[in-house]
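>
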Amino acid sequence: MVAQEFHGHAAPQGFIRKYVFSLDHKVIGMQYYFLALTAVFVGMFLSLLMRIHLIWPSASLPLIGEIKPETYLSLLTMHGTIMVFFVLTTAPQSGFGNYFLPIQIGAPDMAFPVLNMLSFWTTFVAYLVMLSAFFVVGGAPLHGWTGYAPLSALPSSGPGEGLGADLWIISIALFCIASLMGALNFITTTLDMRAKGMTLMRMPLTCWSWFITAILGLLAFGVLLSAGILLLMDRNFGTSFFVPLGTVNGQLTGHKGGSPLLWQHLFWFFGHPEVYIAILPGMGVASQVLSTFSRKPIFGYKAMVYAMLAIGLLGFMVWGHHMFMSGMSPYSAFAFSVMTMAIGVPSAIKTFNWLGTLWGGRIRLSSPMLFAIGFVSLFVSGGISGPFLAQPVLDIQLHDTYFVPAHFHLIMGVAAIFGIFAATYYWFPKMFGRMMNETLACWHFWFSFIGTYAIFMPMHYLGMAGHPRRYSQLTEVSYLKPLMPLQKFITYAAFVTIAGQLIFLWNLFSSMRSGKKATDNPWEATTLEWTTTTPPPHDNFGGHTPVVHHGPYEYGVPGAPRDYVMQNDPATVATH
Amino acid sequence: MATLSPTIPAQVPATSRGDRGNRPPIAGGGDGGRPDPGLPDYSGRLRRARLGLGIALTPILMLFVSFTSAYVVRQGLPTLDPTTNQVVHDWLPVQLPTALFLINTVVLLASSVTVEFARRQFARKVALEPLQSIPGVSLGADKDFPWLGVTIVLGIGFLTGQWLAWRELRASGFFVATGPSSSFVYLLTGTHAVHLLGGVLALLVAGSTVVLHRSLVSRRIVVDVTAWYWHFMALLWIYILALLELAH
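Chains as they are written, first to last, in the numbering used here: chain R, 1 to 576; chain U, 577 to 824.
Pasting the structure below:
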């Protein structure tokens with residue numbers, strides 16, 4: 001039977017249909033990946049400008065000039081927004097998820113290919129709208145990625161809060177719609193398109209993580225969209241959802257008395273699940289890679305699945321812990337605090353299971369494994385400060401200090417990025433048919449690993465010493481002067497770490513052109529993407545659909561001819 | 577490429593694993609029992625479209641849940657008047673165009689009934705399609721009542737009615753920015769109207785796919801999921817109306 005009969009759409013011939021407006025989930029996945037790749041370098045560049053400004057506030061930079069306080073706030077806003085939405089949400093879920101979810105469950109494509117294409121192009125437009133905020137009158141907005149009202153709701157509240165802020169909100173709204181379309185596709189595909197024998201409990205943990213992330217996105221992005229609509233109405237139609245009665249910047253606002261707290265509730269009801277949207281796919285990839293490169297089944301597969309479900313569920317009940325300082329009844333604060341600390345339980349289950357997987361394994365320290373171990377390390381280091389911040393008493397002290405950026409950069413920023421790196425090194429051979437250079441990958445790992453710790457560990461000390469975040473210039477404040485050497489150290493570390501990322505960029509593009517040819521299953525892994533050719537054909541399995549006989553992590557099976565059993569291997573091996 | 581250690585038969589005892597199996601493929605799991613998941617047949621496509629719709633309704637529901645919570649919170653919220661420095665309640669009850677809203681409700685419910693007839697009509701057409709190709713078999717003249725067209729007309733009628741209701745609101749002095757309560761009236765009805773407009777467009781597409789040479793099966797699937805969507809919109813409207821009328 002020809003491939004096309006199996007596939008919802010035939011293989012396209014023209015360049016535009018094949019690479020631009022493609023319906024193929026693999027091409028769309030790569031489009032997302034490269035979008036995120038450009039975004040991460042924009043975001044990193046912005047952070048570098050901020051770091052330079054923090055230690056040399058009067059430095060005049062080429063093209064940009066001296067960074068004014070409002071410019072600093074713009075950089076901060078755009079850095080956060082671009083990183084959270086267009087990198088951490090885009091690459092691990094939409095990028096790798098799009099490419100590998102259908103292949104790993106044995107499907108020829110996503111359930112709704114046209115919707116999938118629309119989802120990418122909406123994201124792309126959202127990205128352009130976001131970047132365009134830099135170039136309008138007044139520049140990019142100042143209100144941070146959290147967009148707290150009334151700063152975000154009043155066009156007169158600052159230089160970037162005019163057209164720039166409108167563009168920011170429109171971009172976020174478009175991103176919400178795109179993410180909802182994506183989530184719809186992921187969930188339908190997972191539920192409806194699994195190959196014969198691929199029960200839910202035989203899915204690779206990556207598929208579970210994409211599935212749960214999609215459910216979180218489906219529930220969370222609608223709420224952010226609603227908040228964005230209300231904010232746009234406040235800004236443009238004179239409504240008073242978020243703007244309080246009274247004066248802002250010495251001017252009467254003319255608003256009737258809305259509640260800035262309402263924005264915070266709506267935003268964080270989205271915002272906290274968003275943290276898990278960023279990190280869950282990384283957990284899936286880490287599980288996949290740790291098992292493969294330890295040559296052992298993942299420790300506690302079912303516990304891993306239930307832990308992810310628990311993290312997803314609890315993630316919707318803890319948004320108030322971002323608002324301890326916003327005015328909250330001590331009883332609510334207590335409830336949010338307890339729920340937040342409860343997330344430590346499934347997180348610890350996952351961590352111990354990863355360690356259990358490594359224990360006694362025949363570990364192969366290839367590049368994906370390095371980054372997966374790095375992921376676990378960063379997840380622990382970043383996670384351990386979570387219970388500190390979850391307690392209102394401590395949060396009052398640490399709120400709005402560098403302790404908070406230290407915490408969330410380690411756990412949702414860099415840990416998720418390490419998940420993306422692990423996924424890149426792991427799946428690159430399948431995606432591009434070539435291997436990446438292992439020596440360069442090793443250099444990249446140590447630069448990134450030591451570099452990120454050098455950047456973010458000292459920030460904890462800055463925070464505990466009372467150094468507030470978000471201020472553009474505190475070099476002349478006497479009690480902070482002793483902390484300047486530490487700030488300088490962080491900036492130097494940032495320079496070195498970012499330089500290390502150029503190794504990755506070089507490795508990525510040079511390996512695409514001239515890397516060693518990859519075999520179909522270079523890592524000796526078991527899941528379905530390794531059963532097809534490298535790179536996979538248009539319909540993924542060349543005209544047939546696989547039949548699944550095994551769980552996803554059959555490594556070290558006693559009595560098997562090799563130390564691994566592919567998921568579609570019909571051979572029955574005597575197991576206990 | 578990494579230098580991999582030689583593949584050796586494992587002696588490490590397996591510690592814990594998921595649903596490890598040497599069992600044959602499980603029917604009912606995954607896609608068991610069904611034909612190929614790649615190119616679903618008619619019933620497979622219909623099932624997938626319905627599943628997709630059910631999932632798509634979730635964020636729409638979340639959108640309105642979010643609006644509702646904002647509505648309830650804002651309603652009970654006292655605000656500080658800086659001119660008098662006193663805490664005031666500024667929730668101004670809106671004089672709703674109840675009569676018009678009720679007429680619109682009847683129109684929408686009627687359209688929900690007609691869209692159901694359209695849905696069943698298309699299901700029947702698809703079922704009978706193979707018979708018609710048999711030589712000598714006649715199913716009689718097609719006396720199909722245009723349920724789809726009626727639904728579209730009723731849908732547009734509802735939207736026009738909503739627009740009239742907004743005009744009445746404006747006439748009695750309630751604009752979008754008049755007060756928090758009036759903002760919410762426009763917000764809830766407006767967002768619902770936009771969603772219903774989407775339904776009308778989908779039905780128009782289903783009606784016009786004859787022109788676009790789409791198969792009857794494709795049209796039937798579009799009509800089917802839009803009908804379910806339409807019922808959901810009708811229920812949502814009753815909920816919104818109850819919220820506005822009872823909790824003001």
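The C-beta atom is built at its ideal place from N, Cα and C for all residues, glycine as well. As the structure is a computational prediction, the values presented were derived from the model and not from experiment.
Within 10 Å of its beta-carbon, does Gly606(U) have 16 or more other beta-carbons around it, so buried, or fewer, so exposed?
Confidence is the limiting factor: at Gly606(U) the pLDDT is only 43, short of 50, which leaves the residue's position unreliable and the question unanswerable from this model.
> Would you report the Cα separation of Ser510(R) and Tyr72(R), rounded to the nearest angstrom?
Those two C-alpha atoms are separated by around 35 Å.
> Please tell me whether Val622(R) and Asn521(R) are closer than 8 Å, where the distance is taken between their beta carbons.
Since the first and last residues shown for chain R are 1 and 576, residue 622(R) lies out of range.
> Might you give, ordered along the chain, the residues of its own chain that have their beta carbon closer than 6 Å to the beta carbon of Ala571(R), omitting 5 neighbours on each side?
If we look at Ala571(R) and ignore the five residues flanking it on each side, it has no Cβ neighbours.
> At which residues does the alpha helix (DSSP H) containing Val557(R) begin and terminate?
From DSSP, Val557(R) is part of no alpha helix (DSSP H); its letter is neither H nor E.
> Should Gly80(R) and Trp168(R) be called a contact, given that it needs their Cβ atoms to be closer than 8 Å?
No, the Cβ-Cβ distance between Gly80(R) and Trp168(R) is not below 8 Å.
> Closer than 8 Å by beta-carbon distance: list the chain R residues that pair up with Ser619(U), in chain order.
Correct list: empty, because the minimum Cβ distance to chain R is about 12 Å.
> Please return the same chain residues whose Cβ sits closer than 6 Å to the Cβ of Thr188(R), not counting the five positions on each side in sequence.
Around Thr188(R): Ala111.
> Taking C-beta to C-beta, are Phe447(R) and Gly500(R) nearer than 8 Å?
Yes, the pair counts as a contact, with Cβ atoms nearer than the cut-off.
> When you compare the CB positions of Met589(R) and Ala406(R), do they come within less than 8 Å of one another, or not?
Only positions 1 to 576 of chain R appear in this structure, which leaves residue 589(R) out of reach.
> For a contact defined as C-beta to C-beta under 9 Å, what are the partners of Ile311(R) on chain U?
Near Ile311(R) there are no residues of chain U at all, since even the closest Cβ is about 18 Å away, more than 9 Å.
> Measuring CA to CA, which of Ser74(R), His409(R), Leu358(R) and Ser478(R) is closest to Gly147(R)?
Answer by Cα proximity: Ser74(R).
> Does Met1(R) come out as helix, strand or coil in the three-state DSSP assignment?
Confidence in Met1(R) is poor, its pLDDT being 30 and thus under 50, which makes the residue's placement unreliable; the coordinate value appears in the next sentence. Reduced to three states, the DSSP call for Met1(R) is coil.
> Does the beta-carbon distance from Phe171(R) to Gly217(R) come in below 8 Å?
The residue you asked about is not Phe; residue 171(R) is Ser in the sequence shown. The answer is no: Cβ separation not under 8 Å.
> Please go through the region 664-736 of chain U and give each complete alpha helix (DSSP H) segment of 4 or more residues, from N-terminal end onward.
As far as the region 664-736 of chain U is concerned, its whole alpha helix (DSSP H) runs of at least 4 residues are 674-708.
> Kindly provide the ranges of any alpha helix (DSSP H) runs that are 4 or more residues long and lie completely inside the region 190-258 of chain R, ordered along the chain.
Entirely contained in the region 190-258 of chain R, the alpha helix (DSSP H) runs reaching 4 residues are, in chain order, 205-236.
> Whose C-beta lies closer than 7 Å to the C-beta of Leu48(R) among residues of the same chain, with five residues either side of it excluded?
Within the same chain, Leu48(R) has close Cβ partners Ala494 and Ile498.
> Would you call the region 258-274 of chain R and the region 660-668 of chain U in contact, with 3 or more CB pairs under 8 Å?
The region 258-274 of chain R is not in contact with the region 660-668 of chain U.
> When you compare the CB positions of Arg295(R) and Arg362(R), do they come within less than 8 Å of one another, or not?
Taking 8 Å as the Cβ cut-off, Arg295(R) and Arg362(R) qualify as a contacting pair.
> Specify whether the region 688-703 of chain U and the region 716-736 of chain U touch according to this definition: at least 3 beta carbon pairs, one from each stretch, less than 8 Å apart.
The region 688-703 of chain U vs the region 716-736 of chain U: in contact.
> Using a Cβ-Cβ cutoff of less than 6 Å, which residues in the same chain neighbour Ala597(R) once the five nearest sequence positions on both sides are dropped?
The displayed coordinates of chain R run from 1 to 576. Any statement about residue 597(R) would go beyond what the structure contains.
> Buried or exposed, going by whether 16 or more other CB atoms sit within 10 Å of the CB of Thr103(R)?
The question names Thr, but residue 103(R) in the sequence shown is Ile. Per the 10 Å Cβ criterion, buried.
> Does any C-beta atom of chain U lie closer than 8 Å to the C-beta of Val223(R)?
True, the Cβ-Cβ gap to chain U drops below 8 Å.
> Using a Cβ-Cβ cut-off of 7 Å (strictly less than) and excluding sequence neighbours within five positions of Leu812(U), which residues of its own chain qualify?
Contacts found: Phe640 and His768.
> Just how far apart, CA to CA, sit Phe418(R) and Gly774(U)?
Answer to the nearest angstrom: the Cα atoms are 41 Å apart.
> I want to verify the contact list: residues of chain R whose CB lies under 8 Å from the CB of Thr634(U), in sequence order.
Chain R residues near Thr634(U): Leu218, Leu219 and Gly222.
> Below 7 Å between beta carbons is the criterion; list the residues of the region 744-760 of chain U that meet it against any residue of chain R, in chain order.
Those residues of the region 744-760 of chain U that come within reach of chain R (Cβ to Cβ, closer than 7 Å) are Val752, Ala753, Gly755, Pro756 and Ser759.
> If you draw a straight line from the C-alpha of Ser287(R) to the C-alpha of Ile298(R), how long is it?
If you take the alpha carbons of Ser287(R) and Ile298(R), they lie about 7 Å apart.
> Just the chain R side, please: which residues come within less than 8 Å of Gly652(U) by C-beta, in chain order?
Result: empty, since nearest Cβ-Cβ is about 10 Å, beyond 8 Å.
> Check the Cβ of Arg624(U) against every Cβ in chain R and list those closer than 7 Å, keeping chain order.
Simply Ala111, Thr188 and Asp192.
> Reducing DSSP to helix, strand and coil, say where Gln738(U) ends up.
The answer is helix: DSSP assigns Gln738(U) an H, G or I state.
> Go to Asp617(U), then tell me how far its beta strand (DSSP E) extends in each direction, as first and last residue.
Premise fails: Asp617(U) is in no beta strand (DSSP E) and is neither H nor E.
> In three-state DSSP terms, what is Leu61(R)?
DSSP places Leu61(R) in strand when its eight states are reduced to three.
> Could you check where the alpha helix (DSSP H) with Thr357(R) kicks off and where it finishes?
Where Thr357(R) is concerned, the enclosing alpha helix (DSSP H) stretches over Gly344 to Leu358.
> Does the count of Cβ pairs from the region 307-315 of chain R and the region 271-285 of chain R closer than 8 Å reach three?
They touch, by the three-pair rule.
> Find out if the Cβ-Cβ distance for the pair Ala416(R), Ile279(R) is shorter than 8 Å.
Going by C-beta atoms, Ala416(R) is nearer than 8 Å to Ile279(R).
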